[in-house]
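Trainee: Please find one structure pasted underneath; my questions will follow.
Residue numbers (this note's numbering): 68 to 224.
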């Protein structure tokens with residue numbers, strides 16, 4: 068049986084070199100002999116069930132020891148159909164869901180100050196390093212891209 072695991076480690080950072088905790092997690096996955104796809108907000112690994120499941124402990128340990136404050140993990144059978152089509156922005160979708168949970172509801176239902184706060188959270192977590200992320204965040208907030216750019220350029224109140 069083959070498994071795939073996708074994990075993200077936080078805190079995210081913006082442009083530039085990936086954070087040390089993400090690099091160390093990737094190295095642990097490679098050392099475990101897993102096929103690894105390292106991305107800007109997450110890493111996907113695959114291999115036999117035994118290799119993936121035993122490697123996950125080493126991956127988590129490496130990330131935390133290198134400064135990760137949170138590790139989010141998703142595991143699935145490699146040959147199982149996806150619950151929904153996999154999108155390039157799946158990491159962004161997860162970030163949106165995380166911010167909605169953190170702020171207690173759908174982003175579109177927030178008041179102006181709440182939306183500005185959400186944009187600051189997305190910026191802190193590196194969401195805007197993804198292609199077309201401003202449009203996706205704007206849609207989730209129920210505002211225009213122009214508004215998101217205005218929020219990005221505002222100083223926090």
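Virtual Cβ for every residue (Gly too), placed ideally from N, Cα, C.
#1: To test your reading of the DSSP string, which unbroken beta strand (DSSP E) runs of 3 or more residues are found completely within the region 178-210?
#2: Please report how far the alpha carbon of residue 49 lies from the alpha carbon of residue 143, in whole angstroms.
#3: Kindly indicate which three-state DSSP category residue 167 falls into: helix, strand or coil?
#4: For residue 96, which of 85, 113, 214 has the nearest alpha-carbon?
#5: Considering only their Cβ atoms, is the gap separating residue 145 from residue 71 smaller than 8 Å?
#6: Please list the terminal residues of the continuous beta strand (DSSP E) segment that includes residue 114.
#7: Per DSSP, what kind of secondary structure is residue 84 in: helix, strand or coil?
#8: On the DSSP bridge list, what partners appear for residue 140?
#9: Could you compute how far the alpha carbon of residue 182 sits from the alpha carbon of residue 137?
Mentor: Checking against the coordinates, here is how it stands:
#1: none
#2: Only positions 68 to 224 of the chain appear in this structure, which leaves residue 49 out of reach.
#3: On the chain shown, residue 167 is found 100 positions in, with the first residue counted as 1. Three-state result, residue 167: helix.
#4: Position 29 of the chain shown, counting from 1, holds the residue named residue 96. Among 85, 113, 214, the Cα nearest to that of residue 96 belongs to 113.
#5: The count along the chain shown starts at 1 and reaches residue 71 at position 4. The count along the chain shown starts at 1 and reaches residue 145 at position 78. Contact: yes.
#6: Numbered from 1 along the chain shown, position 47 holds the residue referred to as residue 114. Residues 110-115.
#7: Mapped onto the chain shown, residue 84 falls at position 17. If DSSP states are grouped into helix, strand and coil, residue 84 belongs with coil.
#8: Position 73 of the chain shown, counted from the first residue, corresponds to residue 140. Answer is 74.
#9: As a first step, residue 182 is located in the chain shown; it is residue number 115 there, counting from the start. As a first step, residue 137 is located in the chain shown; it is residue number 70 there, counting from the start. Cα to Cα, residue 182 sits roughly 24 Å from residue 137.
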